[in-house]
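Asker:
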Amino acid sequence: MRIFDLAIKDLKQIIRDRRAFLFLLLMPITFTFFFGWVFGSFGVSEDDPRLPIGWVSQDTENILSSEMYSLLEASDAIRPVVVKKEDVNKVVESVQEGELAAAVLFPVGFKSETGTDETVKITLIADPFTPAGQTATNAIQAALTRLLGSDQMAQISTKAFDELEGFDNEVEYRKYFDEGFNLAIQAWEQPPLGLRIVQLTGEGAEQEFNPYAQASPGMLIQFTVFGLFNSASLLVIERKTKTLQRMMTTPISRSEMLAGHILAMFCVVFIQQMILIVLGQFLGLEYFREPIALLLLVFAFALFATSYGLLIGVLAKTEEQVIMIAMLSMFLLSALGGAWFPLEITGEAFTAIGHLTPTAWAMDGFQNLILRGQGLESVFLSVGIILAYAVLCFALAVWRFRYE
Amino acid sequence: MKLIDITLKDLTRSLRSRTIYFFAIGLPLFTAVLFYFAFSGQDEDQGSFELPITETIIVNFDKPQAEFGFFSAGQILTDFLNSEELSSIVHVREFDSEDLATEAINSQDAGVAIVIPEGYTSSAFNPEGEVDIIIYQDPTLAIGPAIVRSIVFQFVDGFAGAIITADVVSQQFETRAVEVSQALLQEVTQEYSTWVQSFGQLQSEGEHPLLSIEAPTTAREPTGLGTQIITQMMSGMLIFYSFFTGANVAQSILQEDEEGTLARLFTSPTSRATILGGKFTTVFITTAGQIIITLIATTFIFNIDWGDPLLLAIAILAIVIASSSFGIMIMSMLKTVRQAGPVLGVVLTISGMAGGLFTSAMPSVPPAFETVTLFTPQGWNHRLWKLAMEGAQLGEMALPLIVILIMGVVFFVIGTLVFRKRFA
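Quick note, the sequences are listed as chains Z and A, same order.
Okay, so the first sequence: first residue is 2 according to the numbering used here, each after it adds one.
Okay, so the second sequence: first residue is 388 according to the numbering used here, each after it adds one.
#1: Tell me, please, whether the CB atom of residue 787(A) is closer than 9 angstroms to any CB atom in chain Z?
#2: Is the segment 536-550 of chain A in contact with the segment 171-183 of chain Z, if contact means three or more CB pairs nearer than 8 angstroms?
#3: State yes or no: is the C-beta of residue 782(A) within less than 9 angstroms of the C-beta of residue 712(A)?
#4: For a contact defined as C-beta to C-beta under 9 angstroms, what are the partners of residue 417(A) on chain Z?
#5: What runs of the alpha helix (DSSP H), each 4 residues or longer, lie entirely inside the segment 498-554 of chain A?
#6: Any beta carbon from chain D within less than 9 angstroms of residue 478(A)'s own beta carbon?
#7: Can you check whether the C-beta of residue 775(A) is within less than 9 angstroms of a C-beta belonging to chain Z?
#8: Pick helix, strand or coil for residue 672(A), following the three-state DSSP scheme.
#9: If you check the beta carbons only, do residue 30(Z) and residue 280(Z) fall under 9 angstroms apart?
#10: Do the segment 387-401 of chain Z and the segment 392-411 of chain A meet, that is, are 3 or more Cβ pairs less than 8 angstroms apart?
#11: Can you give me, in chain order, the residues of the segment 211-241 of chain Z that have a beta carbon less than 7 angstroms from any beta carbon in chain A?
#12: Identify every residue that forms a DSSP beta bridge with residue 81(Z).
#13: Cutting at 6 angstroms between CB atoms, please list the residues of its own chain near residue 576(A), excluding the five before and the five after it.
#14: Is it buried or exposed, residue 592(A), if we count other Cβ atoms within 10 angstroms and call 16 or more buried?
#15: Could you spell out where the beta strand (DSSP E) holding residue 68(Z) opens and where it closes?
#16: Could you pull the DSSP bridge partners for residue 200(Z) from this structure?
#17: Please state if the CB of residue 721(A) and the CB of residue 730(A) are separated by a distance shorter than 9 angstroms.
#18: Specify whether the segment 57-72 of chain Z and the segment 17-25 of chain Z touch according to this definition: at least 3 beta carbon pairs, one from each stretch, less than 8 angstroms apart.
#19: If you count every other CB in all the chains shown that lies within 10 Å of the CB of residue 484(A), and 16 or more means buried, which is it?
#20: Check the Cβ-Cβ distances between residue 720(A) and every residue of chain Z, and say whether any is below 9 angstroms.
#21: On the DSSP bridge assignment, give the partners of residue 104(Z) in chain order.
#22: Measure the beta-carbon distance from residue 508(A) to residue 557(A) and round it to whole angstroms, keeping in mind my assumption that it falls under 8 angstroms.
#23: Count the CB pairs spanning the segment 623-638 of chain A and the segment 157-167 of chain Z that are closer than 8 angstroms, and state whether there are at least three.
#24: Which residues in chain Z have a C-beta closer than 9 angstroms to the C-beta of residue 406(A)? List them in chain order.
#25: Which of the residues in the segment 268-296 of chain Z, read from start to end, lie with their CB under 9 angstroms from any CB of chain A?
#26: Against chain A, does residue 250(Z) count as a neighbour if the rule is that its beta carbon must be under 9 angstroms from one of theirs?
#27: With 9 angstroms as the threshold, decide whether the Cβ of residue 39(Z) is near any Cβ in chain A.
#28: Whose C-beta lies closer than 6 angstroms to the C-beta of residue 3(Z) among residues of the same chain, with five residues either side of it excluded?
#29: According to DSSP, simplified to helix, strand and coil, what is residue 170(Z)?
#30: Among the residues of its own chain, which have a CB less than 6 angstroms from the CB of residue 33(Z), if the five just before and after it don't count?
#31: Distance check for residue 774(A) and residue 784(A), CA to CA, integer angstroms please.
#32: Taking the beta carbon of residue 739(A) as the centre, do at least 16 other beta carbons fall within 10 Å, making it buried, or is it exposed?
#33: Name the chain A residues whose beta carbon is nearer than 7 angstroms to that of residue 150(Z)?
#34: In chain Z, which residues lie less than 9 angstroms from residue 744(A) when you measure between Cβ atoms?
#35: Nearest-angstrom Cα distance between residue 300(Z) and residue 401(Z)?
#36: Go ahead and pull the three-state DSSP assignment for residue 164(Z).
What follows is the structure, encoded as structure tokens:
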């Protein structure tokens, strides 16, 4: 009973502190919506998610110009935005500023023949060091290859017919060539061979991109770690106000004292996580598809957060120290754990070191459930490792508390 | 002189505070180290982008057939992905079961699985053929699968082109009632394949015969992707921590008020204006010092090139004015130091977020968000900072600078008026 009394006392203290509401709920909810919104749009039109590229044709009468534009329009990755010839400098600025992923300048006199004195090249302006620039470059090169390929097909067909049957005159030759070119361009609208991309979600169904898939579990993990300062502060305040020392003169044992604090901390962290998970579910993430797996993962991470908060509360001497340690922990564990950005975009060393932290395993566990659509078995490893960290932090906290 | 004395007194007090060191210098540098460690691997060669190696499984059901001279398009694709030139991008394993391949992705043993269906080659020679290569990918990965898709797409496009060539020849000959033989179709597809291979080879060597690729020019030297990411992230973090420092130091006014020393100061012959002026000067000096130390440290430790010193100095001055005056205004509206903690955390974090400081490394953001940043001093400071780093003309920097100065004056006036009324 004393354990529950102590836990209820701690909970009341936490609930009365407005900071708890701010840092446990308001901030993670705000950050989740914010990053989900930003990740979801990437500066493109909500109606058309493709990367915008500037299209400047200085030779609009050229058939190759109009066909190139059509091929760019048909791309899955990019959408051309027509820009007037006079605004070429503005287009370059737009690429510099990231408003456009790239810009294509179609010159006067462009022909498909190469290696002559009259060869004129199309200019592609793109930053090769950004993912958007690289994606746009690849897509534009693919469209140009199709354009030049169509020209090549027409040449091959024309040559084959000429060798077999011959043309009566130059007009017939030209007509045959143009017909072949048009047939080829039309064929590219529905190519006979393609790629089918399947995102494996465990249930075999394709899943649409959800921008909250990174932000939701990431912010949940980040603010669970940061929210520890609420619970840890309680211990520090108790020590500072001599309440702890007074409690030690009562019949309540140290174990019961620890248990009471742990129970309160656990309840706070668990409820915080569940609220954020409900929010994530509301945002279209399938958290509750495997409820037992989810419960295991949330339980394990709450235990880790609780024991870590206890450790901070036992080690820190002042509230100031609590906040500093909590902030450092939040930064370190969030960055290394892949809560801020997917570990895929960092180096191998960083990813390996990241997986020395429980937050990386928590992130893996959540993504196994919501993105990969996997089941209970997929969280066992994550849960095991997180619980191991919980036991370690708890053992250290208890040892330090007893020593104190 | 009294103003200087008060400033020195407050500076000494600030410099004794571990919290100031932690938030002003420790945390920004710690953040820089984290980002540097995360992204520095992207700069192995100056200007190159190091791609992650993607674990790729190939399941090739397209076996060589005598009918096509033991030629297998699937085998060519497999051999290509296994080639030395792609070994730094993909690590390939060959499976003979689609189920095992998908299982490997589910267990995170591989990022991508490519399944080449049976009869893929015959589709290449059959004008009516329509067959797709299936790419299964891990939904949590983006870059690796995109790279593999791009490689396979180029390959598939080459084969699709061969089919289209045969189709075009067939249609044109049939229109003119000329018989087209299988041998001719094979010949024309082979001719197209030869062309696309040599064209692709030129492209991969960077010698596209009809395309000139240029990077958008800036006044700065091009840098690797890793350095770019770190620089952009640090520019956002620098402004964020400057605002934090400004508000933190301004908090000393509340602290002295709570401790009672401020009231005692006001009973002295020193005017309130001088006392408050001394405190505000401390805020300015500490914030400026924090920015300069962080800039010097990041320049030497992480080799970040912040750009033209004169333009940078203008941007630094703007940040100091904005962050200090914003901090003074916020603190003037609070009663106790205890209130300051959550308010600082929430107000500065949310306004920093709205100002685009946490998304500074993203290639582009929603247009609506660009508008939101205009309502925060951090947003304008970030614009000015980016212009300074890019070596913009002074004229281009005029607008954000003027807006920041106006905001700074407004915040300062509000803060001063509120404090004066409170301590009247």
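Heads up, the beta-carbon is just placed ideally off N, CA and C, and yes, glycines get one too.
As the structure is a prediction and not an experimental result, all values here were calculated from the model.
Answerer: So, from the listed chains and residues:
#1: no
#2: no
#3: Cβ distance not < 9 angstroms, so residue 782(A) and residue 712(A) don't count as in contact.
#4: Contact of residue 417(A) with chain Z by beta-carbon distance below 9 angstroms involves 329, 332 and 333.
#5: 507-512
#6: Absent from the structure: chain D. Protein chains present are Z and A.
#7: no
#8: helix
#9: yes
#10: Proximity of the segment 387-401 of chain Z to the segment 392-411 of chain A falls short of the contact definition, fewer than three beta-carbon pairs being nearer than 8 angstroms.
#11: Listed by position, the residues of the segment 211-241 of chain Z near chain A (Cβ gap below 7 angstroms) amount to none.
#12: 54(Z)
#13: Around residue 576(A): 549, 552 and 553.
#14: exposed
#15: Per DSSP, residue 68(Z) belongs to no beta strand (DSSP E); it is in the alpha helix (DSSP H), 64-74.
#16: 524(A)
#17: Cβ distance < 9 angstroms, so residue 730(A) and residue 721(A) count as in contact.
#18: The segment 57-72 of chain Z makes no contact with the segment 17-25 of chain Z: fewer than 3 CB pairs, one atom from each, lie closer than 8 angstroms.
#19: By the neighbour-count rule (16 or more Cβ atoms within 10 Å), residue 484(A) is not buried but exposed.
#20: no
#21: 55(Z) and 126(Z)
#22: Contact check for residue 508(A) and residue 557(A): beta-carbon distance about 19 angstroms, past the 8 angstroms limit, so the pair fails to qualify.
#23: no
#24: 321, 324 and 325
#25: none
#26: no
#27: yes
#28: 253 and 257
#29: coil
#30: 216, 217 and 220
#31: 7 angstroms
#32: Taking every protein chain shown into account, the CB of residue 739(A) has 16 or more other CB atoms within 10 angstroms, so this residue is buried.
#33: Neighbours of residue 150(Z) on chain A, chain order: 548 and 583.
#34: None at all; the shortest Cβ gap to chain Z is about 12 angstroms.
#35: 24 angstroms
#36: helix
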